[in-house]
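S.K.:
Chains as they are written, first to last, in our numbering: chain A, 35 to 452; chain B, 35 to 452.
(1) In whole angstroms, give me the CA-to-CA distance for residue 50(A) and residue 380(B).
(2) Quick one: which unbroken beta strand (DSSP E) runs of 3-plus residues sit fully inside the segment 294-346 of chain A? Chain order, please.
(3) Does residue 215(B) pass the burial test, meaning 16 or more other C-beta atoms within 10 Å, or should it be called exposed?
(4) Please classify residue 89(A): does DSSP put it in a helix, a strand, or coil?
(5) Helix, strand or coil for residue 220(B) per DSSP?
(6) What residues of chain A sit near residue 2(B), judged by a beta carbon separation below 9 Å?
(7) Using a Cβ-Cβ distance under 7 Å, would residue 139(B) count as near chain A?
(8) If we ignore side chains and look at the alpha-carbon of each, how far apart do residue 221(A) and residue 39(A) end up?
(9) Starting from the N-terminal side, write out each stretch of the alpha helix (DSSP H) that is 4 residues or longer and does not extend beyond the segment 117-187 of chain A.
(10) May I ask you to report which of helix, strand or coil DSSP gives residue 55(A)?
(11) State whether the segment 114-127 of chain B contacts the segment 257-273 of chain B, with contact taken as three or more CB pairs (one from each stretch) at a distance under 8 Å.
(12) In its own chain, which residues sit with a C-beta less than 6 Å from the C-beta of residue 12(B), not counting the 5 before and 5 after it?
(13) Any chance you could list the beta strand (DSSP E) runs of at least 3 consecutive residues sitting entirely within the segment 200-268 of chain A, in chain order?
(14) Alpha carbon to alpha carbon, how far is residue 370(B) from residue 301(B)? Give it in angstroms, no decimals.
(15) How big is the Cα-Cα spacing for residue 36(A) and residue 343(B)?
(16) For residue 312(B), return the contacting residues in chain A, with the cut-off set at a CB-CB distance below 8 Å.
(17) What is the rounded straight-line gap between the Cα of residue 354(A) and the Cα of residue 309(A)?
(18) Is it buried or exposed, residue 190(A), if we count other Cβ atoms within 10 angstroms and call 16 or more buried?
(19) Would you decide whether residue 346(B) is buried or exposed? Buried here means 16 or more other CB atoms lie within 10 Å of its CB.
(20) In or out: residue 53(B) buried (at least 16 other Cβ within 10 Å) or exposed?
(21) On the three-state DSSP scale, how would you describe residue 62(A)?
(22) The segment 114-142 of chain B: which residues have C-beta closer than 9 Å to a C-beta of chain A, in chain order?
(23) Identify, in the order they occur along the chain, each residue of the same chain with its Cβ nearer than 6 Å to the Cβ of residue 313(A), setting aside the five sequence neighbours on each side.
(24) Mind pulling the chain B residues with CB within less than 7 Å of residue 72(A)?
(25) What residue does the beta strand (DSSP E) around residue 278(B) start on, and which one ends it?
(26) Quickly, what does DSSP pair residue 39(A) with across the bridge? List them, please.
(27) Can you give the Cα-Cα distance for residue 127(A) and residue 294(B), rounded to whole angstroms?
(28) Of all Cβ atoms in chain B, is any one closer than 7 Å to the Cβ of residue 362(A)?
(29) Count the other CB atoms within 10 Å of the CB of residue 316(A); is the residue buried (16 or more) or exposed (fewer)?
(30) Between the C-alpha atoms of residue 261(B) and residue 278(B), what's the straight-line distance to the nearest angstrom?
(31) Listed in chain order, which residues of the segment 321-343 of chain A have Cβ atoms closer than 8 Å to some Cβ of chain B?
(32) Just to confirm the assignment, what range does the alpha helix (DSSP H) spanning residue 284(A) have?
(33) Considering Cα atoms alone, identify which of 337(B), 356(B), 94(B) is closest to residue 84(B).
(34) Is the shortest distance between the beta-carbon of residue 523(A) and the beta-carbons of chain B less than 7 Å?
(35) So the alpha helix (DSSP H) residue 105(B) belongs to, where does it begin and stop?
(36) Judging by CA-CA distance, which residue of 48(A), 161(A), 74(A), 72(A) is the nearest neighbour of residue 62(A)?
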């Protein structure tokens, strides 16, 4: 049996689900931090898990070049090499080789390219991409696809999706079924709803364990991204996870979850952590700004991360100004915690529908969620493991109620404010 | 009462001691990691404590320029700002301003210099240096001194030590006694034993809570460093800690402990951690070397650090080649653990003399120590807190013996091999 996915609850198009893989369970909606070269930058694996992340994303292109897929296999696979025993999804390398521009040549067979590291010549085909992902030991393999640039002429996109669909078929055929391991197809089609739907129909015909929506968040703007999700998600099978690749900002995630997406990855929280940007319930902060120099307050008083638990904005400002590695470590931990807590809040929100028959519970869950989103209720007060379980939610809700930490239910902020 | 120091045991000139400060106890001999700008580079405070380090060293010069001493005080002091509640020693800034060369001007009053950050003009005097260290909240303040370059003409060194002694007097006078806080004087005198002794005599006359041996490890070579320690340490008061500044390699530490030194600081373990160098029981390794690319073994199988517990040399090689921050994090943790364990072994060794009246215990302690040094006995098997206490050492020794983890007592390596 491959990966397994259950939808536990629905709220409009939004879903609360559970993905089971060879390395454990992933509750959805979920954000997947990037571990491009086999490390979530500036984090230990324990630190990553402490943020609440439960699945990370490895990169076929980077790992095939260094340290090499066969070497990773000899070292026991990517999980063992990087000390991460939870699920890993690997991308197919398609997106990276496309972005090499002048260094690559596309043919029906695959993509020939030169390494950005040493100029050495490589060929990546659907078969080789899937083989590399097997050597890495990915729980979830991505089909090898071509991501058309934006903007692009419609005929070019049509040709590109046709090739991507033939590559999807070859990827699926090359994938060796193993228990708890699955392969996802990637929907392309630029900003053309009909091409997106053609892509979906053919991918579903081939049959995948999950479906990614690719080729977005590359400059088309949030409205168009959402429009493409709306044109795609309803056509995808209800019982398979949906993964919106490369997205995004917090508001993008909230909007995409409402439109039926279950999985996300993005460089934003980790890269921002290394460039002094912090996501908080107040909005994004630039820690290099001199206004933080004397501020004894934590980044976000509601946050449970190590940066907020132990340090002032003034100190984080000092570390960023001094170019200290600890700034990257703490801000990355903070941003990943913010993203994990946002997804936790979204999962929690979707659960309330399960208790719709009991108006008082449903209303109370609504209030709890609103307070999480607005920052009035610290997620630190919720038992992470408890609310991951549908059975435990009533217990937690009661506990929160009796502890009277759900306050000011009238001062609600809307769902999209986040 | 200022800082307190007790010598618990002696072995030749070597001492096993205990230094009590406002922020707790430091067992000596001890190595102090650098927290130059208010962070041990690439480490969280919890990570630093986990290596076994119990005191860190802040830098007056760097912190006065950024974030500024008065700002650190407003933020609750250096301990609170950096999240480190154990002892801190701060250097006086003397060494750093001297090394600015063309950017500084020395007078009887002090040193006028331009900041390496923005060119702004500053004056550092003995009084201001001591005031800054008070604002930072240092448990141990260092007197403001001039470190003569090496090589230097004898008349220049004589003039320099005379000025340093006048500055020592002013530093002592400027120091405000507070419970658990002390001030150390700094012995200078280049490579001239008689000048060193003149310096010692005058400093002891002034009276300090501890004495540092400065102006060494700046190019004179290990033999000369040791010769200067031998010319200095015996003249220092028995009941005060002795701190050899800026030293050094593991073999330097072992040799200096044998010659009566109690405290050390050096950039080596932290800087090496950021340049792919690891200290191990096999010697120093360069992780960038291609011979590690396929090695599934840990850096040092006897080491208890996070790098050795979770990762292969091949992965560390990959991280260093990829320029990943995690390489700096893991190798710094490893190197500081190595240094902490070396000091632990040296403290343990010196204790054996206390049990000299019982030949079987003494011999057993000898064997345990030899096995620690040779790497046959993992320090992870010793209870760090247990053997820090003189009372607990017999218990631990018996436990180790009964567990039969002290092996091959005949294959001994000498003390200096380390």
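Glycine included, C-beta positions come from ideal geometry on N, C-alpha and C. Note that the structure is predicted; figures quoted are calculated from it, not measured.
M.R.: On the basis of the coordinates in this document:
(1) 57 Å
(2) 297-299, 311-314, 317-320
(3) buried
(4) coil
(5) strand
(6) No answer is possible for residue 2(B): the residues shown for chain B start at 35 and end at 452.
(7) no
(8) 19 Å
(9) 128-132, 160-170
(10) strand
(11) no
(12) In the structure as shown, chain B begins at 35 and stops at 452. Residue 12(B) is therefore absent and cannot be evaluated.
(13) 216-221, 244-247
(14) 11 Å
(15) 32 Å
(16) Going along chain A, no residue has its Cβ under 8 Å from residue 312(B), so there is no contact; the nearest lies around 17 Å.
(17) 8 Å
(18) exposed
(19) buried
(20) buried
(21) strand
(22) 114, 115, 116, 117
(23) 369, 372
(24) 352
(25) 276-278
(26) 53(A)
(27) 60 Å
(28) yes
(29) exposed
(30) 13 Å
(31) 327, 328, 330, 340
(32) 284-292
(33) 337(B)
(34) Since the first and last residues shown for chain A are 35 and 452, residue 523(A) lies out of range.
(35) 103-108
(36) 48(A)
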